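Comments concern the structure below.
Number of protein chains: 2
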Amino acid sequence: MPTLKDVAKLAGVSFKTVSRVINRSPHLKDEMRQKVLRAIDALEYRPHHNARHLRTGRSNVLAFINDDIAMTPFAGRIIQGAQEASWRNGMLLLTLHTGGDRSFERAAVHAAIDRQVEGIVFATMYHRAVEVREAAFEIPLVLVDCFASNGPHTSVVPDETGGGYAATKCLLERGHRRIAMINADLKYPAAVGRLNGYREALKDFGVEFDSRLIRTGGWWQEDGYEHAISLLEVKPTAIFCVSDRVAMGVYDALKERGLRIPEDVSVVGFDDQELIAPHLRPALTTVRVPYFEMGSWAVEHLAEAGRAVDQSKRQIVRLDCLLVSRCSVSKPFQGFAMLGEPARASRKKHRA
Amino acid sequence: MPTLKDVAKLAGVSFKTVSRVINRSPHLKDEMRQKVLRAIDALEYRPHHNARHLRTGRSNVLAFINDDIAMTPFAGRIIQGAQEASWRNGMLLLTLHTGGDRSFERAAVHAAIDRQVEGIVFATMYHRAVEVREAAFEIPLVLVDCFASNGPHTSVVPDETGGGYAATKCLLERGHRRIAMINADLKYPAAVGRLNGYREALKDFGVEFDSRLIRTGGWWQEDGYEHAISLLEVKPTAIFCVSDRVAMGVYDALKERGLRIPEDVSVVGFDDQELIAPHLRPALTTVRVPYFEMGSWAVEHLAEAGRAVDQSKRQIVRLDCLLVSRCSVSKPFQGFAMLGEPARASRKKHRA
DNA sequence: GTGAAAGCGCTAACAT
DNA sequence: ATGTTAGCGCTTTCAC
Chain Z
245 MPTLKDVAKL AGVSFKTVSR VINRSPHLKD EMRQKVLRAI DALEYRPHHN
295 ARHLRTGRSN VLAFINDDIA MTPFAGRIIQ GAQEASWRNG MLLLTLHTGG
345 DRSFERAAVH AAIDRQVEGI VFATMYHRAV EVREAAFEIP LVLVDCFASN
395 GPHTSVVPDE TGGGYAATKC LLERGHRRIA MINADLKYPA AVGRLNGYRE
445 ALKDFGVEFD SRLIRTGGWW QEDGYEHAIS LLEVKPTAIF CVSDRVAMGV
495 YDALKERGLR IPEDVSVVGF DDQELIAPHL RPALTTVRVP YFEMGSWAVE
545 HLAEAGRAVD QSKRQIVRLD CLLVSRCSVS KPFQGFAMLG EPARASRKKH
595 RA
Chain W
245 MPTLKDVAKL AGVSFKTVSR VINRSPHLKD EMRQKVLRAI DALEYRPHHN
295 ARHLRTGRSN VLAFINDDIA MTPFAGRIIQ GAQEASWRNG MLLLTLHTGG
345 DRSFERAAVH AAIDRQVEGI VFATMYHRAV EVREAAFEIP LVLVDCFASN
395 GPHTSVVPDE TGGGYAATKC LLERGHRRIA MINADLKYPA AVGRLNGYRE
445 ALKDFGVEFD SRLIRTGGWW QEDGYEHAIS LLEVKPTAIF CVSDRVAMGV
495 YDALKERGLR IPEDVSVVGF DDQELIAPHL RPALTTVRVP YFEMGSWAVE
545 HLAEAGRAVD QSKRQIVRLD CLLVSRCSVS KPFQGFAMLG EPARASRKKH
595 RA
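Just so you know, the sequences run in chain order Z and W.
Position one of the first sequence corresponds to residue 245 (the numbering used here), numbered consecutively onward.
Position one of the second sequence corresponds to residue 245 (the numbering used here), numbered consecutively onward.
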């Protein structure tokens, strides 16, 4: 690998002049610059990034640490956002995953710091509280899809409440009044936020909250299936699901009972999983979580922090969760009328 | 940040002695070592990794470059495998994604080389041929889930044929003879391999290949749905799907026609997507693709190459695709008998 | 405008 | 067994 000196020798200048060319120093004769540029080209010289770093103290590397990347396609979107933002800012990402192991988490942070990363992005695979280890205090840190349970730390999370509101509103606007919600356990911030959004929307439309329309459990297809079955007794005209996977289970249950979506029951999901939502029959109306944007926000924030080191103003930023309209929502029972079937009969079938 | 010299001063030794302690040099008095260790502890000294690298020429960093990480949960498994192997070998991973953009790919490789990575793992989100850019020739390279169309390069891919064989065999062993396959376009190596495996298994069981049982198209639920509908005319007792997503579509079609899985038709998928396969009703029997293992193999190979630099013996390694048995496969029509229904009637229903 | 010298934090080679 | 010197490839400071 050629070095500055090799280039200088070939160009017949001091090696400092080469350095000046590379760093675009303004005080340089043009002929000098051309000579050097030619030599650089000829040797295919590329600056030794780490040597530069040793001198300047800037590594231009960020660490991306996450608890588990393999189990969810979300992590990929966060990384992608972080990655693109890094690239824009001339930085690279050192990625580490901890598998959720606390002692490994500590080791990962240390490994990153030892590599002189300029900041750490810590992302979790679902929205939750995390305890920030002391080691991470040494350098700028941004939490993604999680927030610190101990002390203030900059963090970026989805606006779950806004998402729940958007999902419910789209149902209310179409005329639904008996809207069920299949939620996850309230120990999850996402579940709490989405329920709050649901209640707020109800209130704004003057619909009274009815706890009999609420189910609470897990995030999975199985949960959706079971709760949908039990919900049929309460005769909802629409079901808001806490996740796309729950919505999948709801689809199964509804179809099994001979109910059509959206003619008989409208369904809204949450997550906009590209592998699932657009490919269900009918394609699922759902809420998009801004994973990409969170990853990118985190890195942009870190890059800014590098310039103006004001880590003092720590904050929790909530990014919008937007509704993605597809085909699983319609007016209540409209489909029956359109098909020419007597609305009463279908109603009976549904509510039997 | 404290340096070697700070530690040396505190411990009252030369700074080279400290270096020796850190690098576990054998020739050291124990009292010396203790003194130094105490000073290191007191100052919370941590070696400056990049300075060390500058001297030794070893960065202990690998680049993980992939075309697109966000669109598939597979990428996460590859990264995870690569990551854990890196950690075992004292290395870290610099991740970059190219978004499939060729010029960006080039830039990414250069950025990685400029950071003095010791090797590159290049992974694709689905099994395919890639053209390796000249830039990548400079340092050790391993291709994951893809292979080089130009010249020999070490690469690790799934054994698609073995996977197709395993899926088909499990059906044949249960007594199925009319086994349909919903495949993807044959421009994909995965589709070719899985079809070959299907045919090999058929041959081993003395079953003649029947092209009317084959459908070719895309990877998605929609494809599965449409092909399943058209397949019902040919009365298969089992359907082998090229992907879990295709299997999802098949489930939809079968259920819509009142056919039960596996009682009326057995279904096998491919991919073992943890978000889908175990949560379908019934849980999907499928074939696991060794993403984790491929990622980890790539890094282990690179780490070995670092020790014994024998890049000459380039190779394509195929890793096993194993069957994951769940509930979507049974003997042909067995369910009808078990339910006490006359087998003939059910047969009629199915083949009508 | 250009060059010479110093040094970032560390390890390798040679002393002692 | 420990210390001294040199230098990895680069940028910064300060002469000229």
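C-beta atoms are modelled at their ideal positions from N, C-alpha and C, and glycine is treated no differently.
Values in this document were obtained by computation on a predicted structure and should not be read as measured data.
Where the beta strand (DSSP E) containing residue i begins and where it ends
i, result
"residue 402 of chain Z", "399-402"
"residue 367 of chain Z", "364-374"
"residue 339 of chain W", "336-341"
"residue 530 of chain W", "530-532"
"residue 562 of chain Z", "560-563"
"residue 250 of chain W", "Here residue 250 of chain W belongs to no beta strand (DSSP E); instead the alpha helix (DSSP H) covers 248-255."
"residue 307 of chain W", "305-310"
"residue 568 of chain W", "566-568"
Residue i versus residue j - alpha carbon distance
i, j, result
"residue 521 of chain W", "residue 448 of chain Z", "40 Å"
"residue 531 of chain Z", "residue 356 of chain Z", "35 Å"
"residue 479 of chain W", "residue 425 of chain W", "12 Å"
"residue 468 of chain Z", "residue 375 of chain W", "45 Å"
"residue 366 of chain W", "residue 310 of chain W", "6 Å"
"residue 577 of chain Z", "residue 336 of chain Z", "53 Å"
"residue 282 of chain W", "residue 260 of chain Z", "42 Å"
"residue 312 of chain W", "residue 565 of chain W", "22 Å"
"residue 315 of chain Z", "residue 317 of chain W", "7 Å"
"residue 493 of chain W", "residue 526 of chain Z", "12 Å"
"residue 298 of chain W", "residue 272 of chain W", "25 Å"
"residue 253 of chain W", "residue 248 of chain Z", "34 Å"
"residue 536 of chain Z", "residue 421 of chain W", "47 Å"
"residue 373 of chain Z", "residue 269 of chain W", "44 Å"
"residue 423 of chain Z", "residue 301 of chain Z", "57 Å"
"residue 575 of chain Z", "residue 505 of chain Z", "11 Å"
"residue 275 of chain W", "residue 296 of chain Z", "38 Å"
"residue 416 of chain W", "residue 569 of chain W", "14 Å"
"residue 484 of chain W", "residue 458 of chain W", "10 Å"
"residue 258 of chain Z", "residue 267 of chain Z", "15 Å"
Listed by chain order, chain Z residues near residue i by CB distance under 7 Å
i, result
"residue 233 of chain W", "No statement about residue 233 of chain W is possible, as the shown extent of chain W runs from 245 to 596 and does not include it."
"residue 298 of chain W", "294, 295 and 298"
"residue 319 of chain W", "320"
Residue i vs residue j beta-carbon contact at 9 Å
i, j, result
"residue 512 of chain W", "residue 414 of chain W", "yes"
"residue 386 of chain W", "residue 371 of chain W", "no"
"residue 325 of chain W", "residue 541 of chain W", "yes"
"residue 399 of chain W", "residue 560 of chain W", "yes"
"residue 461 of chain W", "residue 411 of chain W", "no"
"residue 543 of chain W", "residue 338 of chain W", "no"
"residue 341 of chain Z", "residue 352 of chain Z", "yes"
"residue 403 of chain Z", "residue 562 of chain Z", "yes"
"residue 476 of chain Z", "residue 501 of chain Z", "yes"
"residue 486 of chain Z", "residue 445 of chain Z", "no"
"residue 360 of chain W", "residue 545 of chain Z", "no"
"residue 538 of chain W", "residue 388 of chain W", "yes"
"residue 514 of chain W", "residue 406 of chain W", "no"
"residue 290 of chain W", "residue 523 of chain Z", "no"
Contact set between residue i and chain W, taken where Cβ atoms lie within less than 7 Å
i, result
"residue 269 of chain Z", "Those within 7 Å of residue 269 of chain Z in chain W number zero; the least Cβ separation is about 20 Å."
"residue 355 of chain Z", "336"
Beta-carbon neighbours of residue i, restricted to chain Z and to distances below 8 Å
i, result
"residue 464 of chain W", "523"
"residue 303 of chain W", "294"
"residue 469 of chain W", "525"
Per-residue contacts from residue i into chain W (C-beta, under 9 Å)
i, result
"residue 279 of chain Z", "Simply none; closest approach about 23 Å."
"residue 499 of chain Z", "496, 499 and 500"
Residue range of the unbroken alpha helix (DSSP H) whose run includes residue i
i, result
"residue 425 of chain Z", "No alpha helix (DSSP H) contains residue 425 of chain Z, which is instead part of the beta strand (DSSP E) from 423-428."
"residue 323 of chain W", "318-332"
"residue 284 of chain W", "274-287"
"residue 527 of chain W", "Run containing residue 527 of chain W: none; DSSP gives neither H nor E here."
"residue 298 of chain W", "293-300"
"residue 389 of chain W", "Premise fails: residue 389 of chain W lies in the beta strand (DSSP E), 385-392, not in any alpha helix (DSSP H)."
Per-residue contacts from residue i into chain Z (C-beta, under 9 Å)
i, result
"residue 327 of chain W", "313, 339, 340 and 341"
Neighbouring residues, chain W, relative to residue i (Cβ below 8 Å)
i, result
"residue 489 of chain Z", "519 and 523"
"residue 291 of chain Z", "358"
Continuous beta strand (DSSP E) assignments of at least 3 residues falling wholly in the region 434-510 of chain Z: You should have 458-461 and 482-485.
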